[in-house]
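S.K.:
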Amino acid sequence: MTTQKDFKRLVRGRMRKTGESYTAARARLMSAARGAPRAAATPSTIEPNPSANGEATAPTAAAANFEKLAGMSDARLKEKTGCTWDKWVWALDRVGASAWPHKEIAQYVHEKYKVPGWWSQTVTVGYERIKGLREIGQRRSGVWEASKSRMLAAPLSTTFKAFKQPKLRAAWLSGVKPVERSAVPNRSIRFTWEDGSSVQVYFVSKGRSKTQVAVQHTKLPDRADADRLKAFWTERLGALAERVEKAS
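For the sequence shown, position 209 matches number 906 in the numbering used here, and the numbering has no gaps at all.
1. If I'm right that Ser895 touches Lys916 with Cβ under 8 Å, what's the distance once you round it to whole angstroms?
2. With three or more beta-carbon pairs closer than 8 Å as the criterion, would you say the stretch 863–876 touches the stretch 799–807?
3. Measuring CA to CA, which of Ser846, Val786 and Pro813 is closest to Lys777?
4. So, for Phe857: in the same chain, excluding its five sequence neighbours on each side, which residues have a beta-carbon less than 6 Å away from its beta-carbon?
5. Suppose you measure from the CA of Phe990 to the CA of Ile886; what does that come to, to the nearest Å?
6. At 3 residues or longer, what runs of the beta strand (DSSP E) sit wholly inside the stretch 896–941?
7. Looking at the unbroken beta strand (DSSP E) that takes in Arg887, where does it start and where does it end?
8. To which residues of the same chain is Ser817 closer than 7 Å at the C-beta, ignoring the five residues directly before and after it?
9. Report the partner residues of Ala843 according to the DSSP bridge assignment.
10. Between the C-alpha atoms of Val876 and Val912, what's the straight-line distance to the nearest angstrom?
11. For Ser894, does the three-state DSSP call read helix, strand or coil?
12. In three-state DSSP terms, what is Ala944?
13. Give the single residue among Glu942, Ala724 and Arg723 whose Cα lies nearest to the Cα of Ala850.
14. How would you call Arg811, buried or exposed, if buried means at least 16 neighbouring beta carbons within 10 angstroms?
15. I need the straight-line Cα distance from Arg847 to Gly768, nearest angstrom please.
16. Assuming the contact rule is C-beta atoms closer than 8 Å, Lys828 and Ser795 should be a hit. Round their C-beta distance to whole Å, please.
17. Please report the distance separating the alpha-carbon of Val820 from that of Gln862.
18. From this set, Ala936, Glu932, Pro918 and Arg866, which residue's C-alpha is nearest Val840's C-alpha?
19. Which whole runs of the alpha helix (DSSP H) in the stretch 785–818 are 4 residues long or more, in chain order?
20. According to DSSP, is Val822 helix, strand or coil?
21. Please work out which residues of its chain come closer than 7 Å, Cβ to Cβ, to Glu764, disregarding the five sequence neighbours upstream and downstream, and give them in chain order.
22. Please report the Cβ distance between Glu842 and Ala923, rounded to the nearest whole angstrom; I am assuming they are in contact, meaning their Cβ atoms lie under 8 Å.
23. Suppose you measure from the CA of Gly935 to the CA of Ala788; what does that come to, to the nearest Å?
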């Protein structure tokens with residue numbers, strides 16, 4: 698019988714041989730332990746391949762509600778990752794990912810399938826929702842969050858300053874006075890909210906005069922708070938858009 702120590706030794710041996718990360722090497726060995734691949738291609742032996750636009754065949758019998766559970770359409774997911782939800786669920790189930798912590802699933806998706814960081818997180822969160830490990834707006838720890846993004850017709854530097862500079866921020870944030878914790882110029886900024894919850898804002902330039910802003914308001918106690926703050930950020934980002942787009 699293989700012990701945990703023996704298995705870790707096998708994983709590290711594969712890492713040295715293939716150059717894979719610990720997560721990828723572990724998943725490969727676990728998959729191999731369930732049985733050698735058959736000669737003919739079947740849903741259990743073909744993996745989704747984002748770089749091939751998801752042409753692999755995968756089970757779809759239980760996929761009808763995947764889009765609703767995950768909170769994102771198959772069309773959007775396939776555009777960005779190459780696969781639909783049923784294929785991602787099937788691929789992650791094959792390696793027992795539902796038992797892994799969030800970080801390990803995201804790392805596996807990123808390293809194994811070369812999915813960019815933001816979208817590997819999207820796949821991971823959607824998979825966790827589909828498997829019943831969290832609800833929409835809820836983290837696996839049980840706390841809730843509200844997320845909202847918006848494309849603004851304004852340069853990156855202008856948009857970042859509207860969050861960073863207290864006077865500019867007060868003009869559109871409707872009397873709220875969050876405390877800045879940290880910032881990476883033109884990339885991200887973090888605040889502690891008045892009630893102790895946490896806000897992270899991410900910025901991505903979409904050309905000389907367009908910026909994508911994504912807000913994550915975390916450490917919320919319940920769904921009602923998450924719903925309230927999602928509506929709040931929808932309204933406030935609208936107010937921000939009016940100000941920065943006029944100035945541009």
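All C-beta atoms in this analysis are idealised placements derived from N, C-alpha and C, irrespective of residue type, glycine included.
Predicted model only: the values in this text are computed from it and were never measured.
M.R.: Result, derived from the coordinates:
1. At roughly 5 Å, the Cβ-Cβ gap stays under 8 Å, so Ser895 and Lys916 are in contact.
2. Three or more Cβ pairs closer than 8 Å define a contact, and the stretch 863–876 falls short of that threshold against the stretch 799–807.
3. That would be Pro813, whose Cα lies nearest to the Cα of Lys777.
4. If we look at Phe857 and ignore the five residues flanking it on each side, its Cβ neighbours are Asn883 and Phe900.
5. Nothing about residue 990 can be reported from this structure: the residues present for the chain run from 698 to 945 only.
6. Those beta strand (DSSP E) runs which fall completely within the stretch 896–941 and span 3+ residues are 908–917.
7. Start and end: Ser885 to Thr889.
8. If we look at Ser817 and ignore the five residues flanking it on each side, its Cβ neighbours are Ala803, Val806 and His807.
9. For Ala843, which the question treats as bridged, DSSP gives the partners His914.
10. Between Val876 and Val912, the C-alpha separation is close to 15 Å.
11. The answer is coil: DSSP assigns Ser894 none of H, G, I, E or B.
12. Here Ala944 carries a helix assignment [DSSP, helix/strand/coil].
13. Closest by alpha carbon: Glu942.
14. Note that residue 811 is Lys in the sequence shown here, rather than Arg. Lys811 should be labelled exposed.
15. Distance between the alpha carbons of Arg847 and Gly768: 17 Å.
16. Indeed they touch by this definition, with Cβ atoms about 5 Å apart.
17. Approximately 34 Å, taken between the alpha carbons.
18. Comparing Cα-Cα distances from Val840 to each of Ala936, Glu932, Pro918 and Arg866, the minimum goes to Pro918.
19. Within the stretch 785–818, the complete alpha helix (DSSP H) runs of at least 4 residues are 799–810.
20. Here Val822 carries a helix assignment [DSSP, helix/strand/coil].
21. Once the five neighbours on either side are set aside, the close Cβ partners of Glu764 are Ser770, Asp771 and Trp782.
22. 6 Å between Cβ atoms; contact.
23. Going by the C-alpha atoms only, they are around 39 Å apart.
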